[in-house]
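Asks: First to last, the sequence lines map onto chains A and B.
In terms of the numbering used here, the first sequence has 29 at position 29, counting the first letter as 1, and numbering is strictly consecutive.
So the number in the numbering used here is just where the residue sits in the second sequence, counting from 1, plus 1000.
Have a look at the structure that comes next, please.
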Amino acid sequence: GPKVLQIPSHQIIDMGQMVTLNCDPVSNHLYFYWYKQILGQQMEFLVNFYNGKVMEKSKLFKDQFSVERPDGSYFTLKIQPTALEDSAVYFCASSSTISGNTLYFGEGSRLIVV
Amino acid sequence: QQKVQQSPESLIVPEGGMASLNCTSSDRNVDYFWWYRQHSGKSPKMLMSIFSNGEKEEGRFTVHLNKASLHTSLHIRDSQPSDSALYLCAAAIYGSSGNKLIFGIGTLLSVKP
């Protein structure tokens, strides 16, 4: 099936440092998403992105978070500076259209902030 | 209050048995319900979606939807140990700000041989 690739799969980072999580969405998909899942807890919506712009973000999408997809390259989530509570698995997803279409998820990037 | 509530939190069924999972949304703007399955340490994989009243069957999996009560259920017949996973219900809300899925906390299914 369609694949969303995420790099890195794991990262350990010192609190206060910057981290960039990369996502290669399904080819020809137009809508991109980031979700956050803390171990044993719910999958929570962070942000969706279309046509170079953030469409909606949740309260979890703090000011330290930013997303972009320059020139059709990776769709990135940047956290600067990181905090201990940012430790989680971050899932990227993409979909082809806005309505009624499946979100395909990547395998996740496990971020540990120490 | 959670917008998508799932029950039970965990469920143990014997191999070959029937597993029934429930999900209700408190948001009347829901357009679709999705069921995803997430094996430990893996990404969620879409199982089925439903947007109209009634029932939809795919192999051993059947999904029901009652739009009036915003309640959906997933039934797995002839459960297999490989079905052991976290089952996530998601409500899809489409609007001018795009599409997003709101997930429930999930039901952890264990199928015992």
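Glycine is no exception: its CB is placed at the ideal position from the N, C-alpha and C atoms.
1. In whole angstroms, what is the alpha-carbon distance linking H1039 of chain B and F32 of chain A?
2. If we call anything under 8 Å between Cβ atoms a contact, is F105 of chain A one with S1043 of chain B?
3. For chain B, find out if any of its Cβ atoms is closer than 8 Å to the Cβ of G106 of chain A; answer yes or no.
4. By the DSSP assignment, the beta strand (DSSP E) with L30 of chain A in it spans what residues?
5. With 8 Å set as the bound, which would you pick, yes or no: does the beta-carbon of Y74 of chain A sit closer than that to a beta-carbon of chain B?
6. Is the shortest distance between the beta-carbon of P1044 of chain B and the beta-carbons of chain A less than 8 Å?
7. Among B:S1010, B:S1020, B:Y1032, B:G1017, which has the Cα closest to the Cα of I1102 of chain B?
8. Suppose you measure from the CA of L1070 of chain B to the CA of A1090 of chain B; what does that come to, to the nearest Å?
9. Quick check: S58 of chain A and F45 of chain A, are their CB atoms within less than 8 Å of each other?
10. Is N51 of chain A buried or exposed, if buried means 16 or more other CB atoms sit within 10 Å of its CB?
11. Given that S91 of chain A touches chain B, what residues does it touch there, using C-beta distances under 7 Å?
12. Which whole-angstrom value is the C-beta distance of L21 of chain A and L84 of chain A, which I expect to be below 8 Å?
13. Comparing the C-beta of N134 of chain A with each C-beta of chain B, is any distance below 8 Å?
14. Taking Cβ to Cβ, would you say F75 of chain A is nearer than 8 Å to F49 of chain A?
15. Would you say L1088 of chain B lies against chain A (beta-carbon separation less than 8 Å)?
16. Can you name the start and end residues of the beta strand (DSSP E) that T1115 of chain B belongs to?
17. Suppose you measure from the CA of D1078 of chain B to the CA of A1019 of chain B; what does that come to, to the nearest Å?
18. Where do the N-terminal and C-terminal ends of the beta strand (DSSP E) with Q41 of chain A fall, by residue?
19. So, P1008 of chain B versus K1112 of chain B, is the Cβ gap smaller than 8 Å?
20. Tell me the rounded alpha-carbon separation between S1026 of chain B and I12 of chain A.
Replies: Concretely, from the data shown:
1. Start at 1 with the first residue of the second sequence, and residue 1039 of chain B comes out as number 39. Start at 1 with the first residue of the first sequence, and residue 32 of chain A comes out as number 32. So the alpha carbons of these two residues sit roughly 23 Å apart.
2. Taking the first sequence and counting its residues from 1, the one referred to as residue 105 of chain A is at position 105. Taking the second sequence and counting its residues from 1, the one referred to as residue 1043 of chain B is at position 43. Taking 8 Å as the Cβ cut-off, F105 of chain A and S1043 of chain B qualify as a contacting pair.
3. Here residue 106 of chain A corresponds to residue number 106 of the first sequence, with the count starting at 1. Answer yes: the Cβ-Cβ gap between G106 of chain A and chain B drops below 8 Å somewhere.
4. Taking the first sequence and counting its residues from 1, the one referred to as residue 30 of chain A is at position 30. Where L30 of chain A is concerned, there is no enclosing beta strand (DSSP E), given that its DSSP letter is neither H nor E.
5. For this step, residue 74 of chain A is matched to residue 74 along the first sequence. No, because no Cβ of chain B sits closer than 8 Å to the Cβ of Y74 of chain A.
6. Counted from its first residue, the second sequence places residue 1044 of chain B at position 44. Yes - at least one Cβ of chain A is within 8 Å of the one on P1044 of chain B.
7. Stepping through the second sequence from its first residue, residue 1102 of chain B is reached at position 102. It is B:Y1032.
8. Here residue 1070 of chain B refers to the residue found at position 70 when the second sequence is read from its first residue. Here residue 1090 of chain B refers to the residue found at position 90 when the second sequence is read from its first residue. Between L1070 of chain B and A1090 of chain B, the C-alpha separation is close to 12 Å.
9. Indexing the first sequence from 1 puts residue 58 of chain A at position 58. Indexing the first sequence from 1 puts residue 45 of chain A at position 45. Yes; because the gap between Cβ atoms is below 8 Å, this pair is in contact.
10. For the purposes of this step, residue 51 of chain A is taken as residue 51 along the first sequence, with counting starting at 1. So N51 of chain A ends up on the exposed side.
11. The residue labelled residue 91 of chain A in the question sits at position 91 within the first sequence. The sequence given here places Phe at residue 91 of chain A; Ser does not occur at that position. Correct list: S1043.
12. Residue numbering aside, residue 21 of chain A sits at position 21 when the first sequence is read from its first letter. Residue numbering aside, residue 84 of chain A sits at position 84 when the first sequence is read from its first letter. At roughly 17 Å, the Cβ-Cβ gap does not stay under 8 Å, so L21 of chain A and L84 of chain A are not in contact.
13. The requested residue 134 of chain A is not part of the displayed model; chain A covers only 1 to 114.
14. Taking the first sequence and counting its residues from 1, one reaches residue 75 of chain A at position 75. Taking the first sequence and counting its residues from 1, one reaches residue 49 of chain A at position 49. Their beta carbons are under 8 Å apart, which means F75 of chain A touches F49 of chain A by this criterion.
15. As a working mapping, residue 1088 of chain B is identified with position 88 in the second sequence. Yes, its Cβ sits closer than 8 Å to a Cβ of chain A.
16. No answer is possible for residue 1115 of chain B: the residues shown for chain B start at 1001 and end at 1113.
17. As a working mapping, residue 1078 of chain B is identified with position 78 in the second sequence. As a working mapping, residue 1019 of chain B is identified with position 19 in the second sequence. Cα to Cα, D1078 of chain B sits roughly 9 Å from A1019 of chain B.
18. Position 41 of the first sequence holds residue 41 of chain A. Note, Q41 of chain A: premise wrong, no beta strand (DSSP E); not H, not E.
19. As a first step, residue 1008 of chain B must be located in the second sequence, where it is residue number 8. As a first step, residue 1112 of chain B must be located in the second sequence, where it is residue number 112. No, Cβ-Cβ distance for P1008 of chain B and K1112 of chain B is not below 8 Å.
20. Position 26 of the second sequence, counted from the start, is the residue given in the question as residue 1026 of chain B. Position 12 of the first sequence, counted from the start, is the residue given in the question as residue 12 of chain A. When rounded, the distance between both Cα atoms is 38 Å.
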